[in-house]
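In terms of the working numbering, the numbers along the sequence shown are unbroken and rise by one, the last being 488.
Contents: one structure, followed by commentary.
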Amino acid sequence: MPADRNTKLVTARFGNENARSIATAESLGAYATLRKALAMRPDDIVAEVKASNLRGRGGAGFSTGVKWGFVPKDSPTVHLVCNADESEPGTCKDRELMYWDPHLLIEGMIISAHALKAVHNYIYIRGEMMREYAVLQKAVDEAYQKGYLGTNILGSGVTCHLTVHRGAGAYICGEETALLNSLEGLRGQPRLKPPFPAVKGLFGNPTIVNNVETLMNVPFIVDKGGAWFAELGPGRSGGTRIVCVSGHVNKPGVFELPMTITFRQLIDEVCGGVWKGRQVKAVIPGGVSMPPLDNSDELDVPVEFDALQTDERIKPVMVRPGQQFDLGGGRVLRTMAGSGGVVVLDDQTDIPKAVWRIMKFFAHESCGQCTPCREGCGWLEKVSRRVAEGRGKPDDIELLASIAHGIAGNTICALGDAAAWPMLGFLTKFRPDFEAAIAAAGKRKVA
Ligand SMILES: Cc1cc2nc3c(=O)[nH]c(=O)nc-3n(C[C@H](O)[C@H](O)[C@H](O)COP(=O)(O)O)c2cc1C
Ligand code: SF4
């Protein structure tokens, strides 16, 4: 049956302050599915996850079951790493998930580790999340005491160890290979791919990196079956989805919703509409790395992964007028569901200033390893700043577009794309705002 707005999986225990203690969590069903999973063959769990159409909630929306299938069959040592670095501006779901229901994450990790035959496993948590770290560590300690973690779990012969590791506050350490370097004690810089982590990851061993929300869905798949989970969502996207809405709405928050909900419904019906009686100017659909939507029928597109990439109501991102951005193989870039961070900007928003702020973030967070990103993000920040501050030059729109185009697709990791795509997206859909800012050079005041 398709999910409706009352379908709550990973947020079912939200609001229950006691649910993070293991006794209450168990009374609410925690670790019940683990017993079932331990009696299953690892390959059967992987098959259920494949059938579930679970897609990664960390940003790329890649099929979890397919990714698990990339681990070479004969690997003696495999690791599972939970990516809890959550630093994408606009995204605040993993923090809430870990705070309210740490045992669901631990259960999801033990089941997933069993499926992958992974013994030494890790949660890499963003360093600033002190509260969630304390909650998680306590929950891990409780799970060890109860025999859910450790050797020979519940007499099954399965061993699973879990270490919670704190990052040190770098956005780039959310990129999976930078995360693995950081976990190894190296500088947190992305690795060249291939080899992908599923083949050669942590300490050179096959490693699966999955997002917090992704792993928390696994117990539901094992409990009720992959087919049940697949039916909850439309098309190739199984389950529900968490969106975190911030910005100019009356009721911002973290919501678990069916993926058929449109952005317009999300803003008007879930978030109480745009604040101060204003209209939408732009919506960032999945963290600031993603090209924006404008206030047209683009808002009638659902929050689902494929819709955001292919729905023809969303205008393609342009490099310059008449030239669509080519994702390779002739595929155009519209936008993506990303990390679920939805930022609503009202009609009073100073778009050039908002874009400058986004570029400042990426210029600051670039690890500096590759030239197009290191230099290009710096230039995007400088040029967008002068446009925003009323010092723009007539050619600056063309200059910004050509810098962004020079970065996209030419870097070691996707941070370069993450800066270039929204730049091109804002220039495509809000060009008059940039033109007006440049025309007003010398007279423009920035708050
Ligand atoms: C610059 C950058 C930052 C990222 N930050 C995160 C993050 O904070 N959390 C996350 O889960 N994925 C993040 N990702 C995506 C990860 O590299 C990886 O794809 C993801 O953790 C895989 O998990 P999933 O398949 O469950 O989505 C980031 C990617 C990039 C390029
Ligand atoms: S794209 Fe940027 S963040 Fe990624 S490796 Fe290159 S310099 Fe570092």
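Cβ atoms here follow ideal geometry from the backbone N, Cα and C, with glycine treated the same way.
Beta-carbon proximity of residue i to residue j, cut-off 8 Å
i	j	result
L138	M257	yes
L456	I63	no
F304	V344	yes
V259	S380	no
Q389	I453	no
G328	E129	yes
A180	V90	no
P247	E217	no
G513	N124	Past the boundaries of the shown model lies residue 513; the chain is included only from 42 to 488, so the question cannot be answered.
R394	E422	A small correction: the amino acid at residue 394 is Lys; Arg does not occupy that position in the sequence shown. Contact: no.
T65	N59	yes
P333	F467	yes
A71	L145	yes
F111	V240	yes
V385	G318	no
V383	G131	yes
V428	A481	no
Q320	D264	no
I166	V205	yes
I164	L203	yes
R39	D142	As displayed, the chain neither begins before 42 nor continues past 488, which places residue 39 out of reach and without an answer.
C312	V342	no
K134	I249	no
Status (buried if at least 16 other CB within 10 Å, exposed otherwise) for residue i
i	result
F103	exposed
T469	buried
M331	buried
M26	The structure shown has nothing for residue 26, since the chain only spans 42 to 488.
S93	buried
H405	exposed
A223	Note that residue 223 corresponds to Ser in the displayed sequence, not to Ala. It is buried - the Cβ of S223 has at least 16 other Cβ atoms within 10 Å.
Q230	buried
S44	Reading off the sequence, residue 44 comes out as Ala, not Ser. Buried is the call here.
A175	exposed
N162	buried
G97	buried
E254	buried
S278	buried
P117	exposed
A78	buried
A449	buried
Pairwise C-alpha distance: residue j and residue i
i	j	result
E439	R375	20 Å
R432	K322	24 Å
L190	N47	32 Å
I399	T412	20 Å
F403	L195	46 Å
V396	V424	11 Å
R4	N251	With the chain running from 42 to 488 in the structure shown, residue 4 is simply not present.
A445	G417	7 Å
G314	D335	16 Å
L243	C414	25 Å
G371	Q350	13 Å
Q364	A184	55 Å
D126	R207	9 Å
G168	S407	18 Å
L340	K114	44 Å
P357	P463	12 Å
E22	L465	The structure shown does not extend to residue 22, since the chain spans only 42 to 488, so no value can be given for it.
G437	A209	In the sequence as displayed, the identity of residue 437 is Asp instead of Gly. Their Cα atoms are separated by approximately 36 Å.
A442	I392	16 Å
V122	P435	48 Å
I308	S337	14 Å
R354	A159	43 Å
G276	K484	51 Å
Q178	I262	25 Å
T281	L50	8 Å
T192	H120	16 Å
A219	A461	20 Å
One or two residues paired with residue i in a DSSP bridge
i	result
Y212	Per DSSP, none; premise fails for Y212.
E137	Answer by DSSP bridge pairing: none, since E137 is not bridged.
L121	I249
C285	V295, G382
T303	P343
N162	L203
S104	R96
M359	Q365
D387	V321
is_contact[residue i, chain B] using C-beta, thresh 8 Å
i	result
N59	Of the protein chains in this structure there is only one, and it is not chain B.
Supposed close pair residue i, residue j - CB separation, criterion 8 Å
i	j	result
P11	A378	In the structure as shown, the chain starts at 42 and stops at 488, and residue 11 therefore has no counterpart that could be examined.
V284	L298	6 Å
G274	M300	5 Å
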